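Student: Have a look at this one before I ask anything.
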Amino acid sequence: MGSVAGDAARLAYPPARRDDSVVDDYHGVQVSDPYRWLEDPDSEETKELVAKQAELAETVLAGCPDRENLRREVTRLFDHPRYAAPFRRGNKYFYFHNSGLQAQSVLYMQDELDGKAEVLLDPNTLSKDGTVALSTYSISEDGNYIAYGLSESGSDWVSIHVMNVTNKQPMPDKLSWVKFSSISWTHDGKGFFYSRYPAPREGGELDAGTETNINLNHQIYYHVLGTNQSEDVLCWKDPEHSKYSFGASVTEDGKYIILTVYEGCDPVNKLYYCEISSLPQGIEGFRERQEMLPFVKLIDNFDAQYQVVANDGDEFTFLTNKSAPRNKLVRVNIKNPELWTDVLPEHEKDVLESADAVNNNQLLVCYMSDVKHILQLRDLRTGNLIHQLPLEIGSVSEISCRREDKEVFIGFTSFLSPGIIYRCNLSPAIPEMKMFREISVPGFDRTSFQVFVPSKDGTKIPMFLMSKKDINLDGSHPTLLYGYGGFNISLTPSFSVGRLVLCKNMGFVVCVANIRGGGEYGEEWHKAGALAMKQNCFDDFAACAEFLISTGYTSSSRLCIEGGSNGGLLIAASINQRPDLFGCALAHVGVMDMLRFHKFTIGHAWTTDYGCSDKEEEFQWLIKYSPLHNVRRPWEQSSGSQCQYPATMLLTADHDDRVVPLHSLKLLATLQHVLCTEDSPQTNPIIGRIDRKSGHGAGRPTQKLIDEAADRYSFMAKMLGARWTE
């Protein structure tokens, strides 16, 4: 194990005031919360502690010898051109491109795919430090206008702006307090739908993204081009269900508005529709009438998920998990919704991830098979297989197509490939799939493969491993194990410059565990790691760690675990439950207070995965693993044991309004108070990296990505005793 400045026991941890008078009664159980004051990000006391924790972290990081080596090499390998798949609107093509080290990717447009490209929108011109990011966008059907959302400092709050594509002139339109929103134009180009919350009550001085207020009363609006936001048409709200969230989209034929209603993060939704031609005075007519749009409730319960794939008039094809945890395609006439028919039944093992209508009457279908993607071309009417498209082992990162397109673009990535964009011509009987662009990173030789690890209850857990070729299994290799395990999210193979550098220059084995709670095998896999079954996630992760040790890849002192968001919870719960198993832990933006998470910003939406402490049964689940409430001194748990917590870095950011920083700050104060006393055996450091002008992760500029990778991985390398080799 590494140490800091010769003797980590002498780290001067900043004292944090404990207020032992703060005690909550949860169904007869008294639970103290001595660091409740850290829930106020604007108090001087909080700011002072944050500054001292940041100073301590910098002191520790300054003593990590490979910090600059990592920064230099990650920067070098980041400096390669990156492209997204092109898409067509009107008579132009559009695509995103980053030359290498640009803070944000730039949106380009061109008349032909091999024609001259010109910049349409460059977010890098909007801030000196790259912290203004393009978070959402939509181009009108005729290609004449782009509506785009900007977020600042990583916040989830977005402001929508509009630009004339032809002359690149900004329009006066500006829409504020937009959050968790798409942008969907009506086909007449007059305006678009978006989602927003009422403005927070603090007034105009608010530094959006630093507040912790709960997000309630999501609403759908229609904005008419060239008008003030105050004139926008309120299309839908539901004040009786203030925690619901809504999305509105226009069907590809332009005839219907589809309203989806969500109560949390579960893959279930209500689905309503409104026929635009049935509105005699159009959408704008509802501005004066002060009425909401007359949506028809096709699905009015939260039994399953429904996503529109295509429609021919009133006949709609949906992707759903209704009685099909691995998803299927169904068809219904929405005017006569009694009869639903299966178009593509549920697969016996693979998960149907997506289906896109292409080439008028065909479907491009993506399956996930043992956490690897398979692409098929099928008949839209019958669901019958036409052709299986050739793909290496990896992930389909994007599919760019519309129903009318005879040509589609497919983005592909893997642990070994930064990115390939395929151009697929669907006109011939056998589709022609050619490489359109390949992103390459210079010089590396490594291998990746998959194993299946039995968990505590015998369930086989898939895990990907990546390393240099032909390593000896002698237990000596520094190893990084990454996990997530929640919210039906799947960790499919993807490329990472930071992980590449760890393998290439520091001899790391890098592993990704596909534990339960994710979506790797469908909704049953998700539910097996949620609510009362959440402990399965931690058991699965521990089983993967034990496998890496027992098979000779590494030892506990050379094993680091890492995860973010729900994965940050995974890491923190894991070090509480098995401090003996790991040498280092990196927990990013984690949900750490499982008794109060639902009280801040959008936390209430996560109760579908976690439960809620307001309910007695669910409180009993949560109190057992909540990281904040389960910090123990391991040396007191078994007599004579000198076991301590692994070296730990908690990472958070001041503008994270998804998982607000108070989670990490309260846990950091608790860990340091309980473990890091003068006479304790805890010599492994416990520090917090608190980023400024940064959020939960989306839209982070390239330099911040590089700096964070250098910091966390140099800390990990020192703690595990890994050494740099050129």
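Numbering (the UniProt record's numbering), first residue to last: 1 to 726. Built from N, CA and C at the ideal position, the CB exists for glycine as well. The structure presented is a predicted model; accordingly, all values stated were derived computationally and were not measured.
Which residues bound the alpha helix (DSSP H) around I571?
Tutor: Your numbering for residue 571 matches position 571 in the sequence shown. Taken as a continuous stretch (DSSP letters only), the alpha helix (DSSP H) holding I571 covers N566 to Q577.
Student: Kindly indicate the opening and closing residues of the alpha helix (DSSP H) around C537.
Tutor: Mapped onto the sequence shown, residue 537 falls at position 537. Residues Q535 to S550.
Student: In angstroms with no decimal places, state the Cα-to-Cα distance between A573 and R326.
Tutor: Position 573 of the sequence shown, counting from 1, holds the residue named residue 573. Position 326 of the sequence shown, counting from 1, holds the residue named residue 326. C-alpha separation (whole angstroms): 29 Å.
Student: Apply the 10 Å Cβ neighbour rule to H241 and answer buried if 16 or more other Cβ atoms are within range, or exposed otherwise.
Tutor: Here residue 241 refers to the residue found at position 241 when the sequence shown is read from its first residue. With fewer than 16 other Cβ atoms within 10 Å, it is exposed.
Student: How is the beta strand (DSSP E) around W177 delimited, first residue to last?
Tutor: For the purposes of this step, residue 177 is taken as residue 177 along the sequence shown, with counting starting at 1. Run containing W177: P170 to V178, per the beta strand (DSSP E) assignment.
Student: Name, in chain order, the residues that DSSP records as bridge partners for F246.
Tutor: To locate residue 246, count along the sequence shown from 1; it is residue 246. Partner(s): V261.
Student: Taking C-alpha atoms, which residue in A587, G485 and E118 lies nearest to N167?
Tutor: Locating residue 167 in the sequence shown gives position 167, where the first residue counts as 1. Selected option, being the one with the closest Cα: E118.
Student: Between T725 and the rest of its own chain, which residues show a CB-CB distance below 8 Å, the 5 nearest in sequence each way excluded?
Tutor: The residue you call residue 725 lines up with position 725 of the sequence shown. Cβ-Cβ distances below 8 Å link T725 to N505, M506 and G507 in the same chain, with the five nearest sequence neighbours on each side left out; the list follows chain order.
Student: Taking Cβ positions, are R423 and K434 nearer each other than 8 Å?
Tutor: For the purposes of this step, residue 423 is taken as residue 423 along the sequence shown, with counting starting at 1. For the purposes of this step, residue 434 is taken as residue 434 along the sequence shown, with counting starting at 1. In this structure, K434 lies closer than 8 Å to R423 by Cβ.
Student: Enumerate, from N- to C-terminal direction, the unbroken beta strand (DSSP E) stretches of 3 or more residues contained entirely within the stretch 73-121.
Tutor: 87-89, 92-98, 106-110 and 118-121
Student: Roughly how far, in whole angstroms, is the beta-carbon of T212 from the beta-carbon of L662, given that I think they are within contact range, below 8 Å?
Tutor: On the sequence shown, residue 212 is found 212 positions in, with the first residue counted as 1. On the sequence shown, residue 662 is found 662 positions in, with the first residue counted as 1. With 8 Å as the limit, T212 and L662 qualify as a contact, their Cβ atoms being about 7 Å apart.
Student: Looking only at its own chain, which residues have a Cβ that is under 8 Å from the Cβ of residue 757, when we skip the five neighbours before and after it?
Tutor: Nothing about residue 757 can be reported from this structure: the residues present for the chain run from 1 to 726 only.
Student: Excluding the five sequence neighbours on either side, which residues of its own chain have a C-beta within less than 6 Å of the C-beta of A587, listed in chain order?
Tutor: Counting from one through the sequence shown, the residue named residue 587 turns up at place 587. Closer than 6 Å at the Cβ level, and outside the excluded window around A587, lie G568, I571, A572 and L650.
Student: Kindly list the residues whose CB is nearer than 6 Å to the CB of R499, restricted to its own chain and excluding five residues on each side of it in sequence; keep chain order.
Tutor: The sequence position of residue 499 within the sequence shown is 499, counting from 1. The residues are V510.
Student: By Cβ distance below 7 Å, which residues in the same chain neighbour K666 in space, the five residues on each side in sequence not counted?
Tutor: What you label residue 666 is simply residue 666 of the sequence shown in a count that begins at 1. Same-chain partners within the cutoff: Y35, L38, M592, D593 and L628.
Student: Under 8 Å by Cβ, that's how I've got L329 and L319 pegged, so tell me the actual separation to the nearest angstrom.
Tutor: Along the sequence shown, one-based indexing puts residue 329 at 329. Along the sequence shown, one-based indexing puts residue 319 at 319. Correct: roughly 6 Å between the Cβ atoms.
Student: Could you tell me if A12 is buried or exposed, where buried requires 16 or more neighbouring beta carbons within 10 angstroms of its beta carbon?
Tutor: Numbered from 1 along the sequence shown, position 12 holds the residue referred to as residue 12. Result: exposed.
Student: Evaluate S638 with the Cβ neighbour count: other Cβ atoms within 10 Å of its Cβ, from every protein chain shown; 16 or more gives buried, anything less gives exposed.
Tutor: Residue numbering aside, residue 638 sits at position 638 when the sequence shown is read from its first letter. S638 comes out exposed.
Student: Between the C-alpha atoms of G191 and N359, what's the straight-line distance to the nearest angstrom?
Tutor: As a first step, residue 191 must be located in the sequence shown, where it is residue number 191. As a first step, residue 359 must be located in the sequence shown, where it is residue number 359. G191 and N359: Cα-Cα distance of roughly 28 Å.
Student: Is it buried or exposed, L473, if we count other Cβ atoms within 10 angstroms and call 16 or more buried?
Tutor: Along the sequence shown, read from residue 1 onward, the residue named residue 473 stands at position 473. Exposed is the call here.
Student: Leaving out five residues before and five after R692 in sequence, what residues of the same chain have Cβ atoms less than 7 Å from its Cβ?
Tutor: Here residue 692 refers to the residue found at position 692 of the sequence shown. Answer for R692: D654, listed in chain order.
Student: With DSSP run on the structure shown, which of helix, strand or coil describes S556?
Tutor: Working through the sequence shown from its first residue, we reach residue 556 at position 556. In the structure shown, S556 sits in a helix (DSSP, three-state: H, G or I).
Student: Taking the C-alpha atoms as reference points, what is the distance between P15 and P681?
Tutor: Locating residue 15 in the sequence shown gives position 15, where the first residue counts as 1. Locating residue 681 in the sequence shown gives position 681, where the first residue counts as 1. Those two C-alpha atoms are separated by around 19 Å.
Student: Report buried or exposed for S440, applying the criterion of at least 16 other Cβ atoms within 10 angstroms of its Cβ.
Tutor: Mapped onto the sequence shown, residue 440 falls at position 440. Its Cβ having fewer than 16 others within 10 Å, S440 is exposed.
Student: Contact between the stretch 129-146 and the stretch 692-708: three or more CB pairs below 8 Å?
Tutor: yes
Student: Determine whether the beta carbon atoms of G486 and G517 lie at a separation below 8 Å.
Tutor: The sequence position of residue 486 within the sequence shown is 486, counting from 1. The sequence position of residue 517 within the sequence shown is 517, counting from 1. Their beta carbons are under 8 Å apart, which means G486 touches G517 by this criterion.
Student: Counting contacts by CB-CB distance shorter than 8 Å, is G411 in contact with chain C?
Tutor: Here there is only one protein chain, and chain C is not present.
Student: By alpha-carbon positions, which one of N311, H604 and S490 ends up nearest to L352?
Tutor: As a position in the sequence shown, residue 352 is number 352, starting the count at 1. For the residues N311, H604 and S490, the minimum Cα distance to L352 belongs to S490.
Student: Please go through the same chain and pick out, in chain order, the residues whose beta-carbon is closer than 6 Å to the beta-carbon of G419, but skip the five residues on each side of it.
Tutor: The count along the sequence shown starts at 1 and reaches residue 419 at position 419. Within the same chain, G419 has close Cβ partners T413 and I439.
Student: Could you tell me which residues DSSP puts in a beta bridge with M433?
Tutor: The residue you call residue 433 lines up with position 433 of the sequence shown. For M433, which the question treats as bridged, DSSP gives the partners C424.
Student: Check F715 in the structure and name its three-state DSSP category.
Tutor: Reading the sequence shown from its first residue, position 715 is the one you call residue 715. F715: helix per DSSP, three-state reduction.
Student: Please state if the CB of T670 and the CB of I589 are separated by a distance shorter than 8 Å.
Tutor: Counting from one through the sequence shown, the residue named residue 589 turns up at place 589. Counting from one through the sequence shown, the residue named residue 670 turns up at place 670. Here the sequence assigns Val to residue 589, which means Ile is not the residue at that position. Not in contact: V589 and T670 (Cβ atoms no closer than 8 Å).
Student: Comparing C-alpha positions only, which one of L175, G411, L502 and I393 sits nearest to S448?
Tutor: Within the sequence shown, the letter at position 448 stands for residue 448. Checked all of L175, G411, L502 and I393; the closest Cα to S448 is I393.
Student: Any idea if P701 is buried or exposed, counting beta-carbon neighbours within 10 angstroms, 16 or more meaning buried?
Tutor: Taking the first residue of the sequence shown as 1, we reach residue 701 at position 701. Burial call: buried.
Student: Please determine, among T317, D350, A357 and W606, the residue with the shortest C-alpha to C-alpha distance to V343.
Tutor: What you label residue 343 is simply residue 343 of the sequence shown in a count that begins at 1. Ranking the options by Cα distance to V343, first place goes to T317.
Student: Classify T648 as buried or exposed, calling it buried when 16 or more other Cβ atoms lie within 10 Å of its own Cβ.
Tutor: The sequence position of residue 648 within the sequence shown is 648, counting from 1. Flag for T648 reads buried.
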